[in-house]
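Heads up: the sequence lines are chains A and B, in that order.
Using this note's numbering, you'd call the opening residue of the first sequence number 237 and step up by one each time.
Using this note's numbering, you'd call the opening residue of the second sequence number -13 and step up by one each time.
Note that the Cβ used here is the ideal one computed from N, Cα and C, for glycine as well.
The structure displayed is predicted, hence computed values, not measured ones.
Since the structure comes first, as structure tokens, the remarks are kept for the end.
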Amino acid sequence: EDKVVQSPLSLVVHEGDTVTLNCSYEVTNFRSLLWYKQEKKAPTFLFMLTSSGIEKKSGRLSSILDKKELFSILNITATQTGDSAIYLCAARIQGAQKLVFGQGTRLTINP
Amino acid sequence: KAGVTQTPRYLIKTRGQQVTLSCSPISGHRSVSWYQQTPGQGLQFLFEYFSETQRNKGNFPGRFSGRQFSNSRSEMNVSTLELGDSALYLCASSSTSTTEAFFGQGTRLTVV
């Protein structure tokens, strides 16, 4: 059965800290790994990773995929209160738009 | 460019009724997929449509069905509603199966 596991499930840090969120996957016919940020309703797209070892970066956020060890990490540096959200990772199946989601990491940034 | 639009935003239905939810994808996107989000189960895949054809289906009972029209708009139908169907229903659109998927705001369905 396809499975995506995120850790930690919950994280509370102070503004300015750096955080690392983890995502491991066991998926048949893996195609790519996607990260989303969910604050209220719609998950908003952050990154899509297809190749191993190539870091994707957007401002204070960055992410990398390791296809050998079957995991990805999402880093957020200099965190701000606006980064408080649930971060979801999802594995996409080859040849389909089906996404298998992890449980999410609830990140809380305290001022 | 308009995002993914889901209607209605909120729905309250009674057990046994049926409901239809609508999703308009981003212009030019041909793939629409549906997900159910609950506190206990997280985000679970329902089904995917591409060019009016269902390509994949998740592990949900036959009460859950969908379709896609020639303009790529999609509808999802749930018949004989149960209390456990209360959830946030999200749809996502993408141009192909290899590109990013963008989500709509969702429809919050409450079954009483």
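Under the assumption that residue i contacts residue j (Cβ atoms under 8 Å), give the Cβ distance between them as a whole number of angstroms.
i: SER72(B); j: VAL18(B); result: Not confirmed; about 23 Å, so no contact.
i: VAL97(B); j: LEU67(B); result: 5 Å
i: ALA278(A); j: GLY48(B); result: Incorrect: roughly 28 Å between the Cβ atoms, too far for contact.
i: GLN30(B); j: LEU76(B); result: About 10 Å separates the two Cβ atoms, so there is no contact after all.
i: GLY340(A); j: ILE322(A); result: 4 Å
With DSSP as the reference, please indicate the residues paired to residue i in a beta bridge.
i: ARG94(B); result: TYR(-4)(B), LEU74(B)
i: ASP302(A); result: PHE307(A)
i: SER13(B); result: SER13(B) is not bridged to any residue.
i: GLN22(B); result: GLN30(B), TYR75(B)
i: GLU262(A); result: LYS239(A)
i: ALA332(A); result: Note: ALA332(A) sits in no beta bridge, so no partner.
i: GLU61(B); result: SER8(B), ARG53(B)
i: ARG342(A); result: SER246(A), ILE322(A)
i: THR(-9)(B); result: SER10(B)
Restricting to Cα atoms, I'd like to know which of the options is closest to residue i.
i: GLN242(A); options: THR264(A), LEU269(A), VAL249(A); result: LEU269(A)
i: GLN4(B); options: ALA78(B), LEU76(B), SER51(B); result: SER51(B)
i: LEU282(A); options: ILE309(A), PHE266(A), LYS303(A); result: ILE309(A)
i: VAL64(B); options: SER8(B), THR39(B), THR85(B); result: SER8(B)
i: CYS259(A); options: GLY318(A), LEU301(A), ALA332(A); result: LEU301(A)
Excluding sequence positions up to five away, which residues of its chain have a Cβ less than 8 Å from the Cβ of residue i?
i: LYS334(A); result: ARG328
i: ARG16(B); result: PHE36, SER37, SER58, SER81, THR82
What does residue i reach in chain A if we use C-beta pairs closer than 7 Å?
i: ARG41(B); result: ALA332
Ignore the nearest five residues each way along the sequence and tell me which others in residue i's own chain have a CB closer than 7 Å to its CB.
i: ASP296(A); result: The identity of residue 296(A) in the sequence shown is Arg, whereas the question assumes Asp. Cβ neighbours of ARG296(A) beyond the five flanking positions: ILE312, THR313, ALA314.
i: MET284(A); result: SER268, LEU270
i: GLN316(A); result: GLU251, ILE345
i: PRO(-6)(B); result: THR93
Give the interface partners of residue i over in chain B, defined as CB-CB distance under 7 Å, in chain order.
i: PHE337(A); result: GLY28, LEU29
i: PHE266(A); result: Those do not exist, as PHE266(A) stays about 13 Å from chain B at its closest Cβ, beyond 7 Å.
Can you give me the Cβ contacts of residue i inside the same chain, cut-off strictly under 6 Å, excluding the 5 residues immediately before and after it?
i: VAL248(A); result: THR344
i: GLU262(A); result: LYS239
So with CB distances below 9 Å, who are the chain B contacts of residue i?
i: LYS293(A); result: Near LYS293(A) there are no residues of chain B at all, since even the closest Cβ is about 16 Å away, more than 9 Å.
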